[in-house]
Amino acid sequence: MTTRQASSSKAWPAASHLILYAVIVALPLLLLVGLLLYRSVVLEREQLERRIIQVLDALVADVDRDIDRHLTVLHTLATSPAIAAEDWQSLYKQAKRGLSGKTYLVLIDADGHQLVNTYVPYGRAPEMTGDPATLQTIRRTGQPVVSDLFVSLVVHAPVYNISIPILRDGKLAYVMSLGLLPEDLRQLLDAEQVQADWTTTIWDRKGIILARSRDHDSSIATKVSPDRLQHPPRTVFASTNFEGKRVLAVTARSGLSDWTIGVSYPAELVDRQVRQSLLFWGITIAVFAALVVVLAVVFGRQIAVPLAAARQAAESLGRGEPVTVASSTVSEVNAVNHALHDAQLELQRSLAALNEHEEQLRTAADAAQFGAHQYDVANDRSIRSPQLRQILGVDDAGDATFESGLALVHPDDRAAVRLHKEQILASEENYQLAYRIRRPDGEVRWVMDRGKVIRDAWGKAQRVVGVLLDITDLKAAEQRQRLLFDELNHRVKNTLAIVQSLAQQTLRTKPGPEEFAGAFEDRLASLARAHNLLTRESWRGATLDRIVHNAMEPFADSGGRITVEGPTVVVPAGSTITLCLMLHELATNAARYGALSTPQGNVAIAWSLSRNGALLNIDLQWHERNGPTVSPPTRKGFGSRLLAASARQLNAELGVDYDPAGVRYRLRFAVPVSQMVDFLGSQAADAVSAS
Amino acid sequence: MPLAGVRVFVVEDEALVLLELEDLLADLGCTVVGSALRIEEALSMAQSVQCDVAVLDVNVGGARIDTVAEALAHRNIPFIFVTGYERNVLPAAFRDQPLLIKPYGKADLEQSLKMCIDR
Numbered sequence: 008m009t010t011r012q013a014s015s016s017k018a019w020p021a022a023s024h025l026i027l028y029a030v031i032v033a034l035p036l037l038l039l040v041g042l043l044l045y046r047s048v049v050l051e052r053e054q055l056e057r058r059i060i061q062v063l064d065a066l067v068a069d070v071d072r073d074i075d076r077h078l079t080v081l082h083t084l085a086t087s088p089a090i091a092a093e094d095w096q097s098l099y100k101q102a103k104r105g106l107s108g109k110t111y112l113v114l115i116d117a118d119g120h121q122l123v124n125t126y127v128p129y130g131r132a133p134e135m136t137g138d139p140a141t142l143q144t145i146r147r148t149g150q151p152v153v154s155d156l157f158v159s160l161v162v163h164a165p166v167y168n169i170s171i172p173i174l175r176d177g178k179l180a181y182v183m184s185l186g187l188l189p190e191d192l193r194q195l196l197d198a199e200q201v202q203a204d205w206t207t208t209i210w211d212r213k214g215i216i217l218a219r220s221r222d223h224d225s226s227i228a229t230k231v232s233p234d235r236l237q238h239p240p241r242t243v244f245a246s247t248n249f250e251g252k253r254v255l256a257v258t259a260r261s262g263l264s265d266w267t268i269g270v271s272y273p274a275e276l277v278d279r280q281v282r283q284s285l286l287f288w289g290i291t292i293a294v295f296a297a298l299v300v301v302l303a304v305v306f307g308r309q310i311a312v313p314l315a316a317a318r319q320a321a322e323s324l325g326r327g328e329p330v331t332v333a334s335s336t337v338s339e340v341n342a343v344n345h346a347l348h349d350a351q352l353e354l355q356r357s358l359a360a361l362n363e364h365e366e367q368l369r370t371a372a373d374a375a376q377f378g379a380h381q382y383d384v385a386n387d388r389s390i391r392s393p394q395l396r397q398i399l400g401v402d403d404a405g406d407a408t409f410e411s412g413l414a415l416v417h418p419d420d421r422a423a424v425r426l427h428k429e430q431i432l433a434s435e436e437n438y439q440l441a442y443r444i445r446r447p448d449g450e451v452r453w454v455m456d457r458g459k460v461i462r463d464a465w466g467k468a469q470r471v472v473g474v475l476l477d478i479t480d481l482k483a484a485e486q487r488q489r490l491l492f493d494e495l496n497h498r499v500k501n502t503l504a505i506v507q508s509l510a511q512q513t514l515r516t517k518p519g520p521e522e523f524a525g526a527f528e529d530r531l532a533s534l535a536r537a538h539n540l541l542t543r544e545s546w547r548g549a550t551l552d553r554i555v556h557n558a559m560e561p562f563a564d565s566g567g568r569i570t571v572e573g574p575t576v577v578v579p580a581g582s583t584i585t586l587c588l589m590l591h592e593l594a595t596n597a598a599r600y601g602a603l604s605t606p607q608g609n610v611a612i613a614w615s616l617s618r619n620g621a622l623l624n625i626d627l628q629w630h631e632r633n634g635p636t637v638s639p640p641t642r643k644g645f646g647s648r649l650l651a652a653s654a655r656q657l658n659a660e661l662g663v664d665y666d667p668a669g670v671r672y673r674l675r676f677a678v679p680v681s682q683m684v685d686f687l688g689s690q691a692a693d694a695v696s697a698s
Numbered sequence: 171m172p173l174a175g176v177r178v179f180v181v182e183d184e185a186l187v188l189l190e191l192e193d194l195l196a197d198l199g200c201t202v203v204g205s206a207l208r209i210e211e212a213l214s215m216a217q218s219v220q221c222d223v224a225v226l227d228v229n230v231g232g233a234r235i236d237t238v239a240e241a242l243a244h245r246n247i248p249f250i251f252v253t254g255y256e257r258n259v260l261p262a263a264f265r266d267q268p269l270l271i272k273p274y275g276k277a278d279l280e281q282s283l284k285m286c287i288d289r
């Protein structure tokens, strides 16, 4: 029996099916979660950008407000009467009073000559302006100007100016500037500082840094990173900061100056958010997957365990073992279990019936001594039943081929069997063949081989099933029977010839109807009695004692006395009839003319035996006494001719003595000892021949 | 009588039948120059007996007549077979010889002898 494994590559355990199912259901949900997380990251980022731009806008407003405040101071000072009066000393004093901190006033004429500089004591101002660019711009535009960073002649450090023109009669007469230190701007930035790791920077139209929220002192008057200048305002872009860290940056222009204000914050902030979201998503998926696997295994077991039990039950069914049906929580499995249980009951019933049937068949085959065989044509394989092996005299239980089987067939019958095999496979449905086999031990047996050819749908012979019967005994009986028929025929014909001769011979000597009838009937009766004697002994012969008694029986009631004496000896069947006929003739003569014709006469029949190799010599004497006086016959009658011919037939020596006191006959002949053995058995024969 | 003086050699294992056969042959004018009841006897006589024709029982006391027939054929002496069996029991070489089926009458014997001698 072969066990079919779950060999298909498409077959998975139930838990795997459930996992697949869960994954298919969960995949859109997981994608949705991912999408939502992505949206939230984007929103977060947008929110952050909005906040940064708000901060930027606030900074721009602060810077502009500061500039505006300084412009207001300048406009107020511009209305001073000291200017009209060109009283520069008064103006100096007035400005000194009005300005606080490090802010200082510079007044130059239209040619750039310094008239007032409050940073230095009055009258010590440098001759020319330190900020000719502002003068040129004001000459061109006539508008207030906020300068780039430049190194002051008096402060000897980077400063910037906020300047306004002062007109006289419609023409530029003076330029009034406030000198300012970038330090003030830094304080402004500090006021708006939101996060420690953010950086806010202000640079002028040449890209020179005026102020920075971090590392102000080292960065001032240095060039801002060039990529900060390329991007449109109020747009977030990626960059690297002065520390080499990745940052996101955004810029905006001041309305009152040509300055730019930039805010940058670490990209790390945004990256961390993305990472957190991804982490969250990953954890969600992992937790979900774990849950799916655990649940699939749990539910899978609820299906797989009863299924495995059902499988075991099915295998038990296959092996013919009892099926134990466990109840499960899966109704389909329960249905399978019940079906298996029912199948087993049905199978048991069928098996019981089959076993009974097979037992009957086996008993019948045993009783009939049939040997069964089955021949697989395509594979040239023959299977033999134990009885067949017994008939063939072979022990091997292994496979046999046609040729190995043919080797067991008697050489004289092999060609015929081979020819019949071809014929049978080609066209026969049933076959019957009798042939001889020669067993490995050399014994020759006759067998009858009968069977049937099983064919496929195309008529090609697939198998031959048949039975073999040992018919040796039957064949022998058949042979014996044929011999018996032949023998019977011969005997009948021979007997008829004897009867015919008997009739003719009797007719020649007794032509009268009445005397013929009497003599013929007597001789025929004698012949019949001899036949009866032999038939009683199955024609194997008869003992001499019986032969003599049988022949003398009709004469027992005649006048004389008959004595019979001699050892047991067996005469062959062929000689028995001859002896009977001879004795009959002697007795008939004695009854008519000799010792048996008178009441006081007697006949002594006696014999003795002597062994001569394989032969037993019989010396038989017929001695008549007390009868009428004997005289030799004058002519040779039927009786003497018969005696002479019969003696020759028996290869016997016949002696006749016509003693006047009584006639004597002596018959000496031999019979084979083997006849005795056949008839009496060896022990009895030995005892007889030895005595 | 066409068979007068014909010398006949007879082999017959049944004494009674031999007597009758001898008488029949005598009735037909033949002379029985020799008779045998056993196969050894028949074989030795077949070598030397001076006869014109032989009458041979096929089965002589359980032995086959074949060797006797061969000896006679060798001496160019014609013969008749007598048997209680069918013709197919005859020796293969002599299957065409005249055959008398037992029991037979005088006329059958006469006809067979004539056929045999005329051949």
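Keeping their order, the protein sequence lines are chains A and B.
Just add 7 to the spot in the first sequence (first one is 1) and you have our numbering.
Just add 170 to the spot in the second sequence (first one is 1) and you have our numbering.
We treat Cβ as the ideally placed atom computed from N, Cα and C, and that holds for glycine.
These figures come from a predicted structure and were not determined experimentally.
Quick one: is residue i near chain A, going by C-beta distance under 9 Å?
i: L279 (chain B); result: no
i: E240 (chain B); result: no
i: V187 (chain B); result: yes
i: G199 (chain B); result: no
i: L191 (chain B); result: yes
i: P261 (chain B); result: no
i: F251 (chain B); result: no
i: I235 (chain B); result: no
i: L207 (chain B); result: yes
i: N246 (chain B); result: no
i: L173 (chain B); result: no
i: C269 (chain B); result: Residue identity check: residue 269 (chain B) is Leu in the sequence provided, not Cys. With 9 Å as the cut-off, L269 (chain B) does not count as an interface residue toward chain A.
i: L195 (chain B); result: no
Measure from the alpha carbon of residue i to the alpha carbon of each residue in the options, then state which is nearest.
i: S392 (chain A); options: A:V161, A:A372, A:Y600, A:S411; result: A:A372
i: P239 (chain A); options: A:D664, A:T636, A:V257; result: A:V257
i: D118 (chain A); options: A:E522, A:Q283, A:V182; result: A:V182
i: A228 (chain A); options: A:E190, A:E250, A:L195; result: A:E190
i: A164 (chain A); options: A:V153, A:T148, A:L187; result: A:L187
i: T201 (chain B); options: B:E192, B:M285, B:R208; result: B:E192
i: N539 (chain A); options: A:P667, A:C587, A:L236, A:W19; result: A:C587
i: T136 (chain A); options: A:N124, A:R147, A:R146, A:A21; result: A:N124
i: R706 (chain A); options: A:N557, A:A132, A:R530; result: A question about residue 706 (chain A) goes unanswered here, because the residues of chain A that appear run from 8 up to 698.
i: L186 (chain B); options: A:L541, A:R530, A:A422, A:L551; result: A:R530
i: A180 (chain A); options: A:V663, A:T513, A:A91; result: A:A91
i: L156 (chain A); options: A:K213, A:S170, A:H427; result: A:K213
Beta carbon of residue i, beta carbon of residue j: below 9 Å?
i: S205 (chain A); j: S271 (chain A); result: Before going further, note that residue 205 (chain A) is Trp rather than Ser in the sequence given. A contact, by the Cβ cut-off of 9 Å.
i: T144 (chain A); j: W210 (chain A); result: no
i: V225 (chain B); j: L279 (chain B); result: yes
i: A241 (chain B); j: V230 (chain B); result: no
i: T331 (chain A); j: A315 (chain A); result: no
i: R671 (chain A); j: L661 (chain A); result: no
May I ask which residues mark the beginning and end of the beta strand (DSSP E) holding residue i?
i: F251 (chain B); result: 249 to 253
i: T201 (chain B); result: 201 to 206
i: V460 (chain A); result: 451 to 462
i: G186 (chain A); result: 178 to 187
Please report whether the beta-carbon of residue i lies at a distance below 9 Å from any beta-carbon of chain B.
i: N501 (chain A); result: yes
i: I625 (chain A); result: no
i: D493 (chain A); result: yes
i: Q682 (chain A); result: no
Please check the pair residue i and residue j, which I expect to be a contact at CB under 8 Å, by giving their CB distance rounded to whole angstroms.
i: I292 (chain A); j: L37 (chain A); result: 6 Å
i: R415 (chain A); j: I461 (chain A); result: According to the sequence displayed, residue 415 (chain A) carries Leu and not Arg. With a Cβ gap of about 23 Å, L415 (chain A) and I461 (chain A) do not count as contacting.
i: V228 (chain B); j: L260 (chain B); result: 7 Å
i: A621 (chain A); j: V578 (chain A); result: With a Cβ gap of about 16 Å, A621 (chain A) and V578 (chain A) do not count as contacting.
Can you tell me where the alpha helix (DSSP H) holding residue i begins and where it ends?
i: E365 (chain A); result: 338 to 375
i: I290 (chain A); result: 274 to 326
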